[in-house]
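A.B. asks: I am attaching a structure below and will ask some questions about it afterwards.
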Amino acid sequence: MTIRLAIVGLGKIATDQHLPALDANRDFTLVATVDPRLSTDVNATPATFDSLDALIESGLAVDAISLAVPPQRRHGLAARALANGWHVMLEKPPGITLSEVHDLQARARTHGTTIYASWHSRHAPGVEAARDWLADKRITRVAIDWREDVTVFHPGQAWIWQPGGLGVFDPGINALSIVTTILPVPFSLQKARLDVPENCDTPIAAELSFVTADDAPMSAIMDFRHTGEPAWNIHIGTEAGELVLSEGGAVMTIDDETRIAEPKDEYAGVYARFARLIGDAESDVDLSPFQHVADAFLLGDRRRVAAFHE
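The sequence shown begins at 6 in the working numbering and counts up by one.
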């Protein structure tokens, strides 16, 4: 029997990534979509609802929900779904504070349901191979270059500039989700500079300095003001050579030799993982990427820059 799933939130990420991934996944049947822009129609295929409460009140048979709404709205929706006995997948970032995600973990344990804080970039083609190659290597340096045009990748998304929206860390956390899974040693933030537009609450750019447990330097540049092709690259120096993940993890090279270059299909991996967790009655909530972002907001030197206008 397939898992009956409802998607909550039909924005850009849901239409571009979640829906195609579900169409190709035999473990799930999409039984409902929920978005305030929809009219409630329980007879549609899938059924449509203008709110999660309307879905719950309908009595439609649902096993799990996937929350693809802005992070500011996730906790309340996830809490109601868990209380209804449904499994929950959270789009990244999993919330707006660490404590509210810990609360959801506790609620999932209480209700005996699965909660999955997904990190889609960890399912990029080169990530697992990079982790395997680095497993026995001594890291000497790490440099993250994560830049994109916010008007292309987040058009009209005002929530990203509001408290809890993370600003440039919304894409930047993807890089952190990769390095927290592929590096064989932990790392910690030492210094951060956050450029915050004078009319926004969250940064448009950030420069971060970390150090690994082995005292290797690690830097990250994240910028929403980039134009042209995005730069989603991670350079990792080791005593055995340099590994580079580019195109968000789709391409892996070692000493300029291409080892992996495949099209990205990250959300196929996300939903495959969610199905396995449900089948095994387990949860997966790794907050390490989110913790590093929280550290940046705690430690960062904020610099006001020119107002942002789309």
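Glycine included, C-beta positions come from ideal geometry on N, C-alpha and C.
All values reported here derive from a predicted model rather than from experimental measurement.
Among 130, 52, 48 and 106, which residue has its Cα nearest to the Cα of residue 38?
C.D. replies: Of the candidates 130, 52, 48 and 106, the one whose C-alpha sits nearest the C-alpha of residue 38 is 52.
A.B. asks: Does the separation of the CB atoms of residue 95 and residue 111 fall below 8 Å?
C.D. replies: Cβ distance not < 8 Å, so residue 95 and residue 111 don't count as in contact.
A.B. asks: Would you kindly work out how many angstroms separate the C-alpha atoms of residue 145 and residue 256, rounded to a whole number?
C.D. replies: Answer to the nearest angstrom: the Cα atoms are 21 Å apart.
A.B. asks: In terms of residue numbering, what span does the beta strand (DSSP E) encompassing residue 151 cover?
C.D. replies: First-last of the beta strand (DSSP E) with residue 151: 144 to 152.
A.B. asks: Just to check my reading of the structure: residue 106 and residue 122 have Cβ atoms closer than 8 Å, yes? What is that Cβ distance to the nearest angstrom?
C.D. replies: Contact holds; Cβ gap of about 7 Å.
A.B. asks: Out of 125, 49, 67 and 187, point me to the one whose CA is closest to residue 57's CA.
C.D. replies: When each option's Cα is compared against that of residue 57, the closest is 67.
A.B. asks: Taking only the alpha-carbon atoms, compute the straight-line gap between residue 242 and residue 262 and give it to the nearest angstrom.
C.D. replies: If I take the Cα positions, the gap works out to 14 Å.
A.B. asks: Pick out whichever of 282, 104 and 59 has its Cα sitting closest to the Cα of residue 86.
C.D. replies: If we check each option's Cα against that of residue 86, 59 comes out closest.
A.B. asks: Indicate whether residue 115 and residue 171 have their beta-carbon atoms separated by less than 8 Å.
C.D. replies: It is not a contact, given that the beta carbons lie outside the stated cut-off.
A.B. asks: Over the uninterrupted alpha helix (DSSP H) stretch that includes residue 293, give me the two end residues.
C.D. replies: From DSSP, the alpha helix (DSSP H) with residue 293 extends over 293 to 304.
A.B. asks: Check residue 164 in the structure and name its three-state DSSP category.
C.D. replies: The answer is helix: DSSP assigns residue 164 an H, G or I state.
A.B. asks: Which of the three DSSP states, helix, strand or coil, is assigned to residue 252?
C.D. replies: Three-state result, residue 252: helix.
A.B. asks: If we ignore side chains and look at the alpha-carbon of each, how far apart do residue 32 and residue 8 end up?
C.D. replies: Taking the straight line joining both Cα atoms gives about 6 Å.
A.B. asks: Which stretch, first to last residue, makes up the beta strand (DSSP E) that contains residue 38?
C.D. replies: Looking at the DSSP string, the run of the beta strand (DSSP E) that includes residue 38 is 33 to 39.
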